[in-house]
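**Q** Structure in structure tokens, see below.
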Amino acid sequence: MKTALLKMIIHEESVKYVNRVHRSDWKQFLFMGRNEEWYPFEETKDLVGIACPVVFMVGEGNKDETKGAIMYPLMKENIHVSIIPFAGHLIHSDQPKIYTKVLELFINKGDKV
């Protein structure tokens, strides 16, 4: 494990802060992220069982997620994609106005279907 990562997960104040912000097993996520092949493509490759419309928003900074954004609409007609500029994984935090606008457009379009 990289030294900076190890220091963070044992630094008491850092752990308290991240626990408060994320409320999940974030340490496990960090361990998964060490492996470049960790992204769950195997689990997310089959969209056959999804019947409802889906909006798939990704930040342009996440290369693995943008790969999915390109593939998913080709697999299923009801998948709508938005790649958000100047955003990473936390789109709602990095670009809250764009995120909200895309979500509103998706929801309002659903009212007309």
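In this text, residue positions in the sequence shown follow my numbering: the first is 197, and each later residue adds one.
Where is the CB? At the ideal position from N, CA and C, for every residue including glycine.
Keep in mind it's a predicted model, so treat the numbers as computed, not measured.
By the 10 Å Cβ neighbour count, where 16 or more other Cβ atoms means buried, how is Met197 classified, buried or exposed?
**A** Residue placement at Met197 is poorly supported in this model, since its pLDDT is 49, which falls under 50; the coordinates are not used for a value here.
**Q** Grab me the residues of Arg281's own chain with a C-beta within less than 6 Å of its C-beta, minus the 5 sequence neighbours each way, in chain order.
**A** Checking the sequence, you will find Pro at residue 281 rather than Arg. Only Glu256 meet the Cβ criterion.
**Q** Mark Tyr295 as exposed unless 16 or more other C-beta atoms lie within 10 angstroms of its C-beta, in which case mark it buried.
**A** Buried, by the Cβ-count rule.
**Q** Determine the direct distance from the alpha carbon of Pro292 to that of Ser210, and round the result to whole angstroms.
**A** When rounded, the distance between both Cα atoms is 25 Å.
**Q** Could you tell me the distance, in whole angstroms, from the CA atom of Val217 to the CA atom of Met271?
**A** 35 Å
**Q** Considering only the beta carbon of each residue, do Phe252 and Ile275 sit closer than 9 Å?
**A** yes
**Q** In terms of residue numbering, what span does the alpha helix (DSSP H) encompassing Ser220 cover?
**A** That residue, Ser220, is in no alpha helix (DSSP H); it is neither H nor E in DSSP.
**Q** Between the C-alpha atoms of Met267 and Asn215, what's the straight-line distance to the nearest angstrom?
**A** 34 Å
**Q** Looking at Gly264 and Val254, is the spacing between their C-beta atoms short of 9 Å?
**A** yes
**Q** Can you tell me whether Asn304 is buried or exposed, with buried defined as 16 or more other CB within 10 angstroms of its CB?
**A** So Asn304 ends up on the exposed side.
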